[in-house]
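Below: the structure, in structure tokens.
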Amino acid sequence: MTALDEHLVHRVRAEFLEMPGLQLTCEQAQRLWVIDRETCASVLNRLVDARFLVRRTDGRYVRCGDGQPFMEGLLPAKVERLGVPPKVGAA
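Here the working numbering is used: the first residue of the sequence shown is 564, the next is one more, and so on.
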């Protein structure tokens with residue numbers, strides 16, 4: 564990752580911290596930060612890997628723990644790969 568990409572990671576992280584509830588698709592993020600698709604995907608994936616963002620099943624990126632129940636619209640990568648639906652309301 565270049566110094567410019569590192570700067571973008573900090574900028575995107577700051578935007579999500581500054582605007583609680585921000586939910587963006589990769590395409591929306593590209594337009595907001597005026598960056599190409601490859602760079603945008605790299606930055607968003609870096610923040611997902613750092614567990615700062617999660618990618619919802621509808622493709623929107625949201626900040627982890629932004630006041631929504633964890634499983635609402637989210638599937639952890641491990642569950643997704645195995646094709647096992649999450650247990651909701653299990654006792």
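All C-beta atoms in this analysis are idealised placements derived from N, C-alpha and C, irrespective of residue type, glycine included.
Taking the beta carbon of residue i as the centre, do at least 16 other beta carbons fall within 10 Å, making it buried, or is it exposed?
i	result
LEU595	exposed
ALA566	exposed
LEU585	buried
LEU580	exposed
ALA592	buried
Would you say the beta carbon of residue i is closer than 6 Å to some non-hydrogen atom of the ligand MG?
i	result
PHE615	In terms of ligand content, the structure shown is empty, and the ligand MG therefore cannot be addressed.
Where does residue i sit, in a helix, a strand or coil, going by DSSP?
i	result
ARG618	strand
LEU571	helix
LEU585	coil
ARG609	helix
Under 7 Å, do residue i and residue j count as touching if we go by C-beta distance?
i	j	result
VAL617	CYS627	yes
VAL606	VAL625	no
VAL572	ARG609	yes
THR588	ARG614	no
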